[in-house]
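Chains as they are written, first to last, in the UniProt record's numbering: chain B, 1 to 210; chain U, 1 to 210; chain C, 1 to 210; chain E, 1 to 210. What follows is a short report on a single structure.
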DNA sequence: CATGAATGAGGCTTCATTCAT
DNA sequence: TATGAATGAAGCCTCATTCAT
């Protein structure tokens with residue numbers, strides 16, 4: 001929310017965007033598809049424009065630079081993930097159950113938004129300057145949240161205490177972040193819910209107190 | 001081993017092969033460092049040359065194209081990982097223990113070769129044509145190997161049978177591949193062995209038969 | 001007066017011409033400020049629009065092209081300078097005194113309209129085609145006028161005869177055109193009148209007959 | 001000398017440039033011609049490349065950016081002008097005669113290097129950042145030098161004391177800087193020396209003590 | 001009149017790659 | 001082998017201008 005997201009096209013008075021939003025979303029959608037597939041650096045604005053059905057230069061009505069476009073995608077994704085965090089927190093579960101529920105819901109989100117998730121986890125470091133700083137902060141906050149839940153769950157006696165919480169955190173996060181790769185192999189034979197459930201079950205077994 | 005790897009070391013006269021290899025390794029080492037950090041697409045040959053202390057054009061004595069350079073890096077990594085696979089297979093353990101030992105050793109390798117591992121897992125898809133095909137085959141073989149071990153271990157009754165082997169495979173692979181990110185967070189406070197051991201322990205708990 | 005100046009103010013209905021003129025002047029004023037600072041080529045229509053508080057596209061109600069906008073600015077300036085020429089001619093002074101009075105009054109105008117003067121003297125050559133031709137004609141007429149006064153003054157014995165009139169002309173014109181740079185250095189400490197008076201005095205000394 | 005001039009093409013070891021310098025000069029010469037004619041902003045790298053007989057991209061072996069190219073031109077010109085300053089200072093003349101000799105020699109330089117002089121006086125402000133700062137400093141040093149000579153000459157009683165030194169400075173500088181426009185009008189009929197001599201004579205008359 | 005999205009051309013710059021020396 | 005100038009293609013971005021609303 002800090003870095004340069006706002007003010008793409010100069011609108012002196014407060015005119016109504018009407019149709020605008022649609023194109024905006026179309027642009028972002030196109031960018032997500034291409035960038036997820038080829039990676040940010042290998043994606044050309046041209047390809048995005050082609051997909052939107054607009055000339056290259058016209059895209060600059062929707063963002064100020066390729067990097068801003070990436071940032072916007074990341075930012076949106078981040079917001080949605082944070083939203084999940086809040087929803088789960090509102091459920092008033094034990095730390096352990098909250099953690100697992102969080103794993104389940106975000107897994108589902110990643111699986112339903114694989115392209116977004118790919119970009120979210122792979123292209124953050126292509127940002128520079130303030131935008132990079134901000135995006136890195138997301139990651140840290142994210143990790144801290146998981147760490148806190150794990151610590152609480154350890155205190156509650158729900159999570160094994162024979163292992164440093166930091167190692168647990170990394171394991172849980174790693175397994176979670178990787179779920180986006182599950183479907184890409186061997187003919188999509190599991191539903192998102194099945195996969196999410198499997199991840200939760202495996203995570204539970206992995207870290208539960210004996 | 002299929003795609004264009006050959007044709008680098010023509011040695012018409014009896015020049016010192018050691019010198020050659022050294023430069024060659026230096027080039028690869030430089031490329032690994034840069035590409036791990038910025039990604040293949042965002043890495044310029046110039047940066048690699050700078051790091052080697054050679055002019056851009058000179059690099060083309062060591063590889064035919066940027067893509068071949070990437071391929072060589074991936075290939076080397078792949079070979080080393082396969083080597084681990086063979087070593088572990090030679091230990092004659094039960095499927096379950098072989099799997100876990102494999103996890104331990106490859107974790108250690110990833111942690112000791114983080115830059116290589118980064119490229120190995122992130123840049124494969126930047127290849128094209130035959131090289132892409134070959135690299136993708138590695139991944140599939142890799143997965144198949146884990147799958148086989150898991151199936152055997154399930155048959156042995158060592159691994160939980162309440163979950164499809166394919167889900168188990170993805171989980172194990174995902175957690176394993178992700179260990180390369182463990183050190184990057186919060187002040188490197190664990191040794192590679194500690195991290196590998198933790199991963200093994202967690203993986204065991206996750207998938208062991210009850 | 002030849003080139004494409006016309007065709008701006010079609011007023012089909014009996015709309016208020018005042019409003020119109022105002023906007024028109026506002027646009028020109030904005031353009032003058034920006035172009036004086038950054039130069040014609042480096043000035044974007046966007047910047048002018050921003051300064052007027054209007055969207056880029058809207059500016060095209062006030063001129064047909066960026067070049068026409070520049071031309072109009074130059075033309076207006078030219079007209080004002082010519083006006084000064086006529087005023088001074090009407091004073092019925094000796095050639096020498098007319099020249100000096102002309103120097104004084106145009107100096108003052110340049111100093112009071114520095115941005116206009118900057119554009120007038122620096123951006124003429126950015127025009128093309130007929131507009132360029134016309135603007136260049138202004139310069140020549142201008143010079144011819146000074147030349148005529150100097151020749152007369154030489155005949156009158158008021159101006160030194162030991163130097164070709166063409167050299168005198170260039171000197172006088174050069175010194176005059178440059179007065180617009182006087183204020184920009186070292187904290188504006190002189191009034192426009194003081195500077196104009198100084199220029200007149202120095203010019204007089206420079207060219208007066210001994 | 002401060003701003004980024006050095007290090008255009010990366011040369012790890014100290015190889016001999018040999019042919020290099022030639023091209024370098026050719027590039028600068030081409031740029032000077034085009035920029036003098038059309039102005040920096042309106043000059044495209046393409047035009048310079050065409051004139052050198054090289055592809056657009058190839059030019060970037062000789063400079064890092066269009067702005068650096070401009071800076072280099074300005075810097076070279078500045079150095080030559082400063083050189084003149086030093087030469088004249090070494091002549092050990094009275095302040096008044098030194099000033100006039102300086103006017104004569106720099107006039108001659110401007111007339112012999114009209115394109116350089118045009119750029120020198122017109123395009124400085126197209127620079128940005130540190131380069132702009134440095135170039136502006138040149139101007140100030142330049143002016144200070146003239147001012148010092150004038151003050152001394154006033155003290156010596158050689159220059160009129162009825163006028164503030166700052167006004168004299170501006171007048172002298174203005175007339176001098178403008179000499180580059182003298183030849184552009186009406187069929188080049190005077191030699192550079194004639195024009196320089198005329199300027200000196202007129203300047204002397206203008207500012208000499210009565 | 002104003003809007004603002006779209007155009008289409010062009011500008012600066014980077015870069016993988018080649019090649020004569 | 002190494003050099004470094006040159007290529008040619010492409011990439012990002014800007015901008016004057018148009019036009020339907």
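No residue lacks a Cβ here, since even glycine has one placed at the ideal position from N, Cα and C.
Which listed residue (the options) has its alpha carbon closest to that of residue i
{"i": "residue 26/U", "options": "39/U, 190/U and 51/U", "result": "51/U"}
{"i": "residue 115/C", "options": "66/C, 82/C, 58/C and 70/C", "result": "70/C"}
{"i": "residue 172/B", "options": "120/B, 104/B, 137/B and 82/B", "result": "104/B"}
{"i": "residue 106/U", "options": "81/U, 75/U and 76/U", "result": "81/U"}
{"i": "residue 92/B", "options": "149/B, 199/B, 28/B and 184/B", "result": "149/B"}
{"i": "residue 178/C", "options": "137/E, 163/E, 38/E and 121/E", "result": "121/E"}
{"i": "residue 119/B", "options": "134/B, 89/B, 72/B and 129/B", "result": "72/B"}
{"i": "residue 76/B", "options": "99/B, 195/B, 97/B and 109/B", "result": "109/B"}
{"i": "residue 205/B", "options": "163/U, 28/U, 131/U and 41/U", "result": "163/U"}
{"i": "residue 112/U", "options": "49/U, 35/U, 181/U and 101/U", "result": "181/U"}
Where residue i falls, given that 16 or more other Cβ within 10 Å makes a residue buried
{"i": "residue 161/U", "result": "exposed"}
{"i": "residue 60/U", "result": "exposed"}
{"i": "residue 144/E", "result": "exposed"}
{"i": "residue 193/E", "result": "exposed"}
{"i": "residue 123/C", "result": "buried"}
{"i": "residue 140/C", "result": "exposed"}
{"i": "residue 22/C", "result": "exposed"}
{"i": "residue 156/U", "result": "exposed"}
{"i": "residue 174/C", "result": "buried"}
{"i": "residue 56/B", "result": "exposed"}
{"i": "residue 209/C", "result": "exposed"}
{"i": "residue 153/C", "result": "buried"}
{"i": "residue 44/U", "result": "exposed"}
{"i": "residue 53/B", "result": "exposed"}
{"i": "residue 117/E", "result": "buried"}
{"i": "residue 202/B", "result": "buried"}
{"i": "residue 158/C", "result": "buried"}
DSSP three-state assignment for residue i, whether helix, strand or coil
{"i": "residue 147/U", "result": "helix"}
{"i": "residue 261/B", "result": "The structure shown does not extend to residue 261/B, since chain B spans only 1 to 210, so no value can be given for it."}
{"i": "residue 42/E", "result": "coil"}
{"i": "residue 208/B", "result": "strand"}
{"i": "residue 11/C", "result": "With a pLDDT of only 38 at residue 11/C, under 50, the local geometry of the prediction cannot be trusted, and the value read off the model is given with reservation. Coil, per DSSP."}
{"i": "residue 96/E", "result": "helix"}
{"i": "residue 23/E", "result": "helix"}
{"i": "residue 60/B", "result": "helix"}
Heavy atom of the ligand SAH within 8 Å of residue i beta-carbon
{"i": "residue 124/E", "result": "The model depicted lacks the ligand SAH and carries no ligand whatsoever."}
(request) Scan the stretch 101 to 154 of chain C and note each continuous alpha helix (DSSP H) run of 4 residues or more that stays entirely inside, going in chain order. (result) For the stretch 101 to 154 of chain C, whole alpha helix (DSSP H) runs of length 4 or above, ordered along the chain, are 114 to 122.
(message) Using a Cβ-Cβ cutoff of 7 Å, what residues of the stretch 143 to 176 of chain C are near chain E? List them in chain order.
(response) The residues in question are 143, 163, 166, 167, 170, 171, 174 and 175.
(request) Using a Cβ-Cβ cut-off of less than 9 Å, give me the residues of the stretch 114 to 128 of chain C that come near chain E, in sequence order. (result) Those residues of the stretch 114 to 128 of chain C placed with their C-beta closer than 9 Å to a C-beta in chain E are 122, 123, 125 and 126, ordered along the chain.
(request) Identify every run of the alpha helix (DSSP H) within the stretch 66 to 92 of chain U, keeping only runs that are complete inside it and at least 4 residues long; order them along the chain. (result) For the stretch 66 to 92 of chain U, the continuous alpha helix (DSSP H) assignments of 4+ residues that do not extend past its boundaries occur at 66 to 89, in sequence order.
(request) Note down, in chain order, all residues in the stretch 26 to 39 of chain E with a beta-carbon under 9 Å from any beta-carbon belonging to chain C. (result) Cβ contacts with chain C: 37, 38 and 39.
(message) Counting only Cβ-Cβ distances shorter than 9 Å, please list the residues of the stretch 185 to 205 of chain C near chain E, keeping chain order.
(response) Under the 9 Å Cβ criterion, the stretch 185 to 205 of chain C contributes 185, 186, 189, 190, 194, 195, 198, 199, 201, 202, 203, 204 and 205.
(request) With 8 Å as the C-beta to C-beta threshold (strictly closer), list the residues of the stretch 49 to 69 of chain E near chain C in chain order. (result) Within the stretch 49 to 69 of chain E, no residue qualifies.
(message) At a CB distance below 7 Å, what residues from the stretch 71 to 96 of chain U approach chain B? Give them in sequence order.
(response) Per Cβ criterion, the list is empty.
(message) Quick check for students: name the residue ranges of the alpha helix (DSSP H) that lie wholly in the stretch 150 to 201 of chain E, counting only runs of 4 or more.
(response) The qualifying runs are 165 to 177.
(message) Along the stretch 128 to 139 of chain U, where does the CB come closer than 7 Å to a CB of chain B? Name the residues.
(response) Only those residues of the stretch 128 to 139 of chain U whose C-beta falls short of 7 Å from the nearest C-beta of chain B would be listed, and there are none.
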